[in-house]
Amino acid sequence: MTEYTLPSEGIVSLPAHVLAQKIQSGELTSREVTQAFLDRIAETDNELGAFLHVGAEEALAAADAVDAQVAAGKPPASKLAGVPLALKDLLVTTDAPTTAASKMLEGYRSPYDATVVRKLREAGIPILGKTNLDEFAMGSSTENSAYQVTRNPHDLERVPGGSGGGTAAALASGQAPIGIGTDTGGSIRQPASLTGTVGVKPTYGGVSRYGVIACASSLDQVGPCANNVLDTALLHEIIGGHDEFDATSVDTPVQELAAAAEQGASGDLSGVKIGRVKQFSRPGTQPGVTERIDAAFAQFERQGAEIVEVDCPSFDDVMGAYYIIQMSEVSSNLARFDGMRYGLRTGDDGKHSAEEVMASSRGDGFGPEVKRRIILGTYALSVGYYDAYYLQAQRVRTLIAQDFRRAFEKVDVIAGPAVPQTAFKIGEKVDDPLAMYNFDLFTLPLNLAGLPGMSVPAGTASDTGLPVGLQIIAPAFEDERLYRVGAAFEAGR
Ligand code: GLN
């Protein structure tokens, strides 16, 4: 089934930064490049199911605008101008439907573009289409999509991870060179790990969430995805920065991320201290994953880094804290889907009350996982339980942030597995939510602490032959460290 992984030659095999240079030099046009990816989507997506919507005409029109700019000798709008992108269908766009992979939003058209989408358009990036995800970004396998299953290009029987499985599968199969994901508890890094691609969750507040359908607002971040570290850095620079339309957006300049990646590409890590968290070496971790992570630390040492063991005891409580907070916020955020203001409305036959129509619409519009979370989240927030669940979870959240703070007094970055296992079979965990939630064990702590993290390919596990991701974590607003260390790791492999 290797024909579904990244081809070894042709336009679709090339990194985004190389494509951008060829477009600027006139060796290729953006139309040719965009068409090559559209062709690859047409050839492979019946089987892969990465895209919910492909916008060929709109993408080619955006490509033509870049080509006209190049022909006129004008400077490029960005370092990735003309390179097309796969967009997670959780960001609203005016020229395509936005569904969040939910029946609730079937056919919905947004009257405005998300800030990230606006920035992509201004940077001359054609949008190939909207990619599949778990409904409202809740899940770890993309199986919770109301529309279709997405397959892992490395093994079509297996999941591509989630919730951003569509973007990850598109990158791993050469359907797109760059993509956008969102990460509430791992939805960028976990699919990147399972598909052998690079995914970055920026520092909370670093990228605008305006126009991103809210999952859990205190955790959600938008981030860049690609097949190599430099491409994610270039994309991060384009989408990052302050936005007055997002109250949680922080007004600090975006760091020199591409420069950090270029510096890292020398492979030299002398003087860099890399933390190895005791709690990330768990008994349940697949031996093939542990093997790759051990090899990664050995490589870091060869590259001159110093490895320091760090202890983060409250990470053991991350699962309960994350899911209580996530579900509580979901129960509140998803109250807006009431059949009155947007999306699906059922049961409105003139004989039923507004409450009955709301109940009917929500019953028909939401899938089982979304309903489970709304019910559990509502319970956790209810009178009498709030202190026991929600407040307690917030205390654990504070402890996790303190553990990170103490660790970063000793080290520059932390590294470890992104996910305890490689990709599982489609259908294997759908009936066991706890097993599914367990998959996020290593990605969750960062979201609770608001820190940036990256998953970068660390080879394939010898026991399953499937990709393993190395997770790198940095202090808040030190995203450039991810790119420096990530690119060094990539160069040293
Ligand atoms: N898998 C996690 C969850 O289901 C993370 C989802 C995400 O990051 N959007 O909540």
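Convert by adding 2 to the 1-based position in the sequence shown; the result is the number in this note's numbering.
Quick reminder that beta carbons are idealized off the backbone N, C-alpha and C, glycines included.
Since this is a predicted model, take the numbers as computed values, not measurements.
Classified as exposed, I377 has fewer than 16 neighbouring CB atoms from the shown chains inside 10 Å of its CB. When only Cα atoms are considered, K373 and S104 end up about 12 angstroms apart.
With contacts defined as CB atoms closer than 8 angstroms, G168 and K90 qualify as a contacting pair. By the Cβ criterion, the region 231-249 is in contact with the region 202-222, since at least three pairs of Cβ atoms, one from each stretch, lie closer than 8 angstroms.
Short note on C217: C-beta closer than 7 angstroms to some heavy atom of the ligand GLN.
At a threshold of 7 angstroms, D233 does not count as near the ligand GLN, since its beta carbon sits no closer than that to any of the ligand's heavy atoms. Judged by DSSP in its simplified three-state form, T184 adopts strand. Nearest neighbour of S272 by Cα position, chosen from T7, V487, A22, turns out to be V487. The beta-carbon distance between E303 and K275, rounded to whole angstroms, is 12 angstroms. This is too long to meet the 8 angstroms contact definition. For N440, the three-state secondary structure derived from DSSP is helix.
The DSSP-derived three-state label of L130 is strand. For the ligand GLN, no non-hydrogen atom lies closer than 7 angstroms to the CB of M321. N48 sits exposed, since fewer than 16 C-beta atoms from the chains shown fall within 10 Å of its C-beta. Around Q257, the same chain offers D481, E482 as residues with beta carbons nearer than 7 angstroms, after the five sequence neighbours per side are excluded.
For L378, the enclosing alpha helix (DSSP H) starts and ends at 370-383.
The beta carbon of A356 sits closer than 8 angstroms to those of M342, all from its chain and outside the five residues before and after it, given in chain order. Going by DSSP, M329 is part of the alpha helix (DSSP H) stretching over 320-335. Residue burial is scored here from C-beta neighbours: T400 has fewer than 16 other C-beta atoms within 10 angstroms and is therefore classed as exposed.
For A74, the secondary structure class from DSSP, reduced to helix, strand or coil, is coil. DSSP places P469 inside the beta strand (DSSP E), whose first and last residues are 469-475. With a contact defined as Cβ atoms closer than 8 angstroms, E358 and A463 miss out at about 52 angstroms. One alpha carbon belongs to R284, the other to N229, and they sit about 28 angstroms apart. Beyond the five residues adjoining it in sequence on each side, N154 comes within less than 7 angstroms, by CB distance, of R160, V161, P162, A171, L196, T197, A425 in the same chain, given in chain order.
In summary, P447 is buried, with 16 or more beta-carbon neighbours lying within 10 Å of its beta-carbon over all protein chains present. Judged by DSSP secondary structure, K427 falls outside any alpha helix (DSSP H); it is assigned neither H nor E. Residue state for H19 is assigned as helix, using DSSP reduced to three classes.
Checking the DSSP bridge columns, you'll see I276 partnered with I309, V415.
At least one heavy atom of the ligand GLN falls within 7 angstroms of the beta-carbon of D185.
The C-alpha of K353 is placed about 43 angstroms away from the C-alpha of R120.
When DSSP states are grouped into helix, strand and coil, F479 belongs to the coil group.
About 11 angstroms separates the Cβ atoms of V279 and K412, ruling out a contact at the 8 angstroms cut-off.
Below 8 angstroms, too few C-beta pairs join the region 172-180 and the region 425-441 to call them touching: fewer than three. Within its own chain, the residues whose Cβ lies closer than 6 angstroms to the Cβ of P204, once the five positions on either side in sequence are excluded, are Q223, G225, P454, D481, listed in chain order. At a Cβ-Cβ threshold of 8 angstroms, A409 and G277 count as neighbours. A direct Cα-to-Cα measurement between G429 and P370 gives close to 15 angstroms. Between the alpha carbons of R347 and M360 lies a gap of roughly 8 angstroms.
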